[in-house]
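Below is one structure, written out as structure tokens; comments come after it.
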């Protein structure tokens with residue numbers, strides 16, 4: 007017959023392992039940040055965006071026009087969070103009318119800007 011403490015330790019270890027597994031979470035899917043600089047407002051089509059980045063993680067409507075979002079959000083209980091997102095807004099012809107790229111990664115930000123750094 008086992009005592010209570012003999013059964014408690016394996017359960018405590020399993021609980022701790024479960025909590026540590028939940029300490030990190032990723033939402034969305036990765037996309038190539040270095041291709042952001044290939045987007046040209048008023049020129050790049052929805053088809054070209056799809057060639058560059060694949061299927062969007064999320065789609066929507068802003069001011070009556072379609073939007074595509076590419077995003078990856080990696081959250082960690084211990085350590086730094088790493089996030090990046092690209093939101094593209096298309097006109098009625100399916101051409102990029104504006105876009106926003108944000109990241110917490112300095113290297114990815116530099117790649118998206120074509121290696122340029124602010125002074």
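In our numbering, the protein residues as written are 7 to 125.
Beta carbons: idealized from backbone N, C-alpha and C, even for Gly.
Quick one: using the 10 Å Cβ neighbour count with 16 as the cut-off for buried, is residue i buried or exposed?
{"i": "residue 14", "result": "exposed"}
{"i": "residue 45", "result": "buried"}
{"i": "residue 32", "result": "exposed"}
{"i": "residue 125", "result": "Any answer about residue 125 is weak, because its pLDDT of 34 lies below 50 and its placement is not dependable; what the coordinates show is given next. Result: exposed."}
{"i": "residue 62", "result": "buried"}
{"i": "residue 59", "result": "buried"}
Would you check whether the ligand GTP has a heavy atom nearer than 7 Å to the C-beta of residue i?
{"i": "residue 64", "result": "As for the ligand GTP, it is missing from this structure, which has no ligand bound."}
When you compare the CB positions of residue i and residue j, do they come within less than 8 Å of one another, or not?
{"i": "residue 105", "j": "residue 93", "result": "yes"}
{"i": "residue 49", "j": "residue 71", "result": "no"}
{"i": "residue 64", "j": "residue 75", "result": "yes"}
{"i": "residue 86", "j": "residue 77", "result": "no"}
{"i": "residue 103", "j": "residue 47", "result": "yes"}
{"i": "residue 73", "j": "residue 95", "result": "yes"}
In this structure, how does DSSP classify residue i when only helix, strand and coil are distinguished?
{"i": "residue 47", "result": "coil"}
{"i": "residue 91", "result": "strand"}
{"i": "residue 68", "result": "strand"}
In the DSSP assignment, find the alpha helix (DSSP H) that holds residue i and state where it starts and stops.
{"i": "residue 99", "result": "Run containing residue 99: none; DSSP gives neither H nor E here."}
{"i": "residue 55", "result": "52–59"}
Taking the beta strand (DSSP E) that residue i falls in, what are its first and last residues?
{"i": "residue 33", "result": "30–34"}
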